[in-house]
């Protein structure tokens, strides 16, 4: 019985199998992500799905023709900082039906002002 040696430059079968498995996994992952994205957002399952029929004509004039946020045309740009012993308290998530009222109660109790930033799908509502 003779042992057959691979020719020079041949790739062993185990290496080919690893590449095949890797490509199959990447392909399956891509298909799964595509199907999930299609079903989750286009079918309206997600809260952040875009409603059909939206148009640019519903944008308020103050937004579409509001001008610049910072007007530095007169050349008088300056920075204003908070007073000493001042803290800027911001909340960058929410609103949450459970936690936001509790946070507001604590802030109200201690006469504390804060800024809340609405993010994600809550910004659309």
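Numbering (my numbering), first residue to last: 175 to 299. Glycine included, C-beta positions come from ideal geometry on N, C-alpha and C.
Taking 9 angstroms as the threshold (C-beta atoms), are residue j and residue i in contact?
i: residue 262; j: residue 256; result: yes
i: residue 286; j: residue 292; result: no
i: residue 265; j: residue 296; result: no
Put residue i into one of helix, strand or coil per three-state DSSP.
i: residue 274; result: helix
i: residue 248; result: coil
i: residue 254; result: coil
i: residue 214; result: helix
i: residue 260; result: coil
Locate the alpha helix (DSSP H) running through residue i, then write down its first and last residues.
i: residue 196; result: 187 to 211
Just grab the DSSP bridge partners of residue i for me.
i: residue 265; result: 290
Can you give the beta carbon distance from residue i to residue j, rounded, assuming they're within the 8 angstroms contact cut?
i: residue 274; j: residue 268; result: 5 angstroms
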